[in-house]
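*Asks:* The structure under discussion is supplied below as C-alpha cells; questions concerning it will follow.
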Amino acid sequence: MLPNAPPVSNQTLREYQRAIHQHNDALINDMPKVEMHSILNINTRLPCKTLSELKSTYRLLNDLDAGGVDGGMERFFDLYYGGFNVLRDEDDFYRLAMNYFQKAASMNIRYCEPFFDPQGHTRRGIAFEAMIRGFQRAQVEAAQILGSAMEHYQQALPYRYTIFGIGLDSLKVDLPPLLFEEVFRRARSDGFKITCHCDIGGGGGADRIDHGLHAVDDPLLLQKVQERDLGMTICPWGYLCYSGEAEIISRVRTLYNAGIKMTIGSDDPSYMEDIWLNNSLYLLRKVGDFTNYDFLQLQKNAIQMCWAPAKIKAAILEELQHFWARWETQRPST
Ligand SMILES: [Zn+2]
C-alpha cells in the first residue's frame with residue numbers, strides 16, 4: 058500500500074474513465090458474469106417516449122449536475138436522491154429495470170441481484186406496488202427476450218426480479234446497522250437473506266457485505282471477515298471517482314490477496330459516469346494489474362456468494378469453466 062499518496066488528480070481520473078469506457082478487452086467482455094452490486098436508479102439513458110416527457114425530465118434534473126468527482130459522498134447523495142424525482146409510475150420502474158437487464162445481457166452478465174431503494178420512493182408518495190409491478194414486468198419480459206439469445210442456458214438465465222434479500226444503504230454515519238437489528242431479525246425469520254451496504258464493521262449477522270473496502274486498514278476486522286467467510290462486493294470506480302484516494306486500487310488488491318471472498322460491482326453507473334461492470338473490471342486490469350486468472354477467480358467468488366438456487370449456480374459455474382478452458386486453449390493466459 059502507498060502511505061499518504063497524494064490524491065488522484067481529476068485529470069488522471071478522466072484519463073482512467075476514457076480508457077475504461079473505450080476498452081475492448083475480450084476476456085472481460087466475453088466471460089460469463091454475476092453482478093450483485095448495482096443499483097436500479099435513474100439512468101442517463103432512460104428513454105423518454107414523448108417530447109413533453111423529455112422536457113419534464115429535463116426540468117426535474119435541471120438543478121442536478123450529474124458529474125461525480127467533486128464534492129465527495131455528500132454531493133453524491135444530493136444527486137442520488139434528487140434524481141429519484143424522475144421515477145413516478147409503474148412504467149418508469151419497468152423501463153428502468155429493462156434498461157439495466159438489457160445492459161447486463163450485453164455485458165454477458167448471466168445472473169444479477171440488483172438493489173433498489175423503496176424508501177427513497179415511498180416517501181415521495183410512490184406506491185410500493187408501482188415499483189414492484191414495474192420491476193416484475195421487466196423481469197418476465199427480459200427473461201423471454203434476452204434469454205432466447207442464449208438457448209443453451211435458458212434455465213440458467215434468471216433475469217428474475219423477486220426480492221431475495223434485505224439490505225441497508227446510504228451513508229451510515231448517523232445510522233449504524235445496529236439500529237435496524239429488529240428489521241433484520243424479522244427479515245431473516247421470514248426467509249430473506251441479509252446484506253449490509255456499509256463501509257465499516259457493523260452489519261451484525263449479515264450474509265454479505267456491500268462495500269467494506271476499508272476493512273483492509275484494520276487487521277482484526279479483516280480477520281473477522283475471513284473467519285465468518287463473508288462475501289464482499291467491492292465497487293472500485295465509485296470509491297476512486299468520489300474520493301480520489303490513490304490507495305483505492307491497492308486496497309482492492311490487498312483484500313483480494315488476503316483470500317477474502319470478494320467480487321466486483323458497478324454500484325451506481327448513473328451517477329458514476331456510466332461505468333458498468335465490465336468497465337470496472339477493466340479498471341483493475343489497467344491500474345491494479347489484475348490478470349485473466351484473477352478475473353476468473355472473482356467470478357467464481359461471485360457465483361458462490363450470490364443467492365441463486367444451487368441449480369443455477371452450477372449451470373453458470375459450468376459455463377464459466379467451459380469458457381475458461383476454451384480461452385486457455387485459444388490464447389494461453391497470464
Ligand atoms: Zn453501493
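Each residue of the sequence shown is one higher than the one before, counting from 58 in this note's numbering. All C-beta atoms, glycine included, are put in the ideal place defined by N, C-alpha and C.
1. May I have all residues whose beta carbon comes closer than 6 Å to any heavy atom of ligand 1, sorted in chain order?
2. Helix, strand or coil for M164? Go by DSSP, reduced to three states.
3. Along the chain, where does the beta strand (DSSP E) containing E92 start, and where does it finish?
4. By Cβ distance, which residues of its chain are closer than 7 Å to V65, with the 5 residues on each side in sequence left out?
5. Give me, in chain order, the residues of the same chain whose beta-carbon lies closer than 6 Å to that of L84; leave out the 5 immediate sequence neighbours on both sides.
6. Go ahead and label E92 buried or exposed: buried means 16 or more other beta carbons lie within 10 angstroms of its beta carbon, across all protein chains shown.
7. Confirm, please, whether the CB-CB distance from M88 to F347 is below 8 Å.
8. For the stretch 136-147 against the stretch 305-314, do three or more pairs of beta-carbon atoms, one drawn from each stretch, fall closer than 8 Å, so that the two count as touching?
9. Relative to the C-alpha of Y73, which candidate in Q378, A371, K343, T386 has its C-alpha closest?
10. Helix, strand or coil for D82? Go by DSSP, reduced to three states.
11. Is it buried or exposed, Q79, if we count other Cβ atoms within 10 angstroms and call 16 or more buried?
12. Just checking my contact of I321 with L338 at CB under 8 Å: how many whole Å lie between their CB atoms?
13. Where does the unbroken alpha helix (DSSP H) through C298 begin, and where does it stop?
14. Between L340, P171, I189, which has its C-alpha nearest A365's C-alpha?
15. With DSSP as the reference, identify every bridge partner of T290, one or two as the case may be.
16. At the level of alpha carbons, what is the spacing between A403 and N98?
17. Which residue or residues does DSSP assign as beta-bridge partners of F150?
18. Give me, in chain order, the residues of the same chain whose beta-carbon lies closer than 8 Å to that of R181; leave out the 5 immediate sequence neighbours on both sides.
19. Give the DSSP bridge partners of I96, in chain order.
20. Answer with buried or exposed for Y7, where buried requires no fewer than 16 other C-beta atoms within 10 angstroms of its C-beta.
21. Indicate the three-state DSSP secondary structure (helix, strand or coil) for R342 in the structure shown.
22. Let's see if you can read the secondary structure: which residues bound the alpha helix (DSSP H) around V309?
23. Quick one: grab the DSSP three-state call for V65.
24. Would you tell me roughly how many angstroms separate the C-alpha atoms of A372 and N358, rounded to the nearest one?
25. In terms of residue numbering, what span does the alpha helix (DSSP H) encompassing Y350 cover?
26. Assign M188 to one of three DSSP states: helix, strand, or coil.
27. Assuming the contact rule is C-beta atoms closer than 8 Å, M362 and R265 should be a hit. Round their C-beta distance to whole Å, please.
28. Between the beta-carbon of G191 and the beta-carbon of A154, is there less than 8 Å?
29. Let me check understanding here. Comparing Cα to Cα, which of L340, D324, F185, I317 lies closest to G279?
*Replies:* Taking the definition as stated:
1. Ordered along the chain, the selected set is H94, H254, D267, H268, C292, D324.
2. DSSP places M164 in coil when its eight states are reduced to three.
3. In the DSSP annotation of this structure, the continuous segment of the beta strand (DSSP E) that includes E92 starts and ends at 90-92.
4. If we look at V65 and ignore the five residues flanking it on each side, its Cβ neighbours are L297, G301, A303.
5. For L84, the CB contacts under 6 Å within the same chain, skipping 5 residues up- and downstream, are N349 in chain order.
6. Per the 10 Å Cβ criterion, buried.
7. At the C-beta level, F347 and M88 stay beyond 8 Å of one another.
8. Under the Cβ criterion (8 Å, minimum of three pairs), the stretch 136-147 does not count as touching the stretch 305-314.
9. With distances taken between Cα atoms, Y73 lies closest to K343.
10. Residue state, collapsed to three classes: coil.
11. Looking at its Cβ environment, which holds fewer than 16 other Cβ atoms inside 10 Å, Q79 is exposed.
12. That belief holds up - the Cβ atoms of I321 and L338 are roughly 6 Å apart, short of 8 Å.
13. Under the DSSP assignment, C298 falls in the alpha helix (DSSP H) whose first and last residues are 293-300.
14. Closest by alpha carbon: P171.
15. Under DSSP, T290 forms a beta bridge with D267, T320.
16. For the chain, the structure presents residues 58 to 391; residue 403 sits outside this window and is missing.
17. Paired residues: none, contrary to the question.
18. Result list for R181: F141, N142, in chain order.
19. DSSP, once it has assigned bridges, lists F172 as partnering I96.
20. Nothing can be reported for residue 7, as the shown portion of the chain is limited to 58 through 391.
21. Per DSSP, reduced to three states, the secondary structure at R342 is helical.
22. V309 -> alpha helix (DSSP H) spans 305-314.
23. For V65, the three-state secondary structure derived from DSSP is coil.
24. Computed Cα separation, rounded: 15 Å.
25. In this chain, the alpha helix (DSSP H) harbouring Y350 covers 349-362.
26. In the three-state reduction of the DSSP assignment, M188 falls in the helix class, which pools H, G and I.
27. Right, the Cβ-Cβ distance comes to about 6 Å (below 8 Å), so this counts as a contact.
28. It is a contact, given that the beta carbons lie within the stated cut-off.
29. The question names Gly, but residue 279 is Leu in the sequence shown. Closest by alpha carbon: I317.
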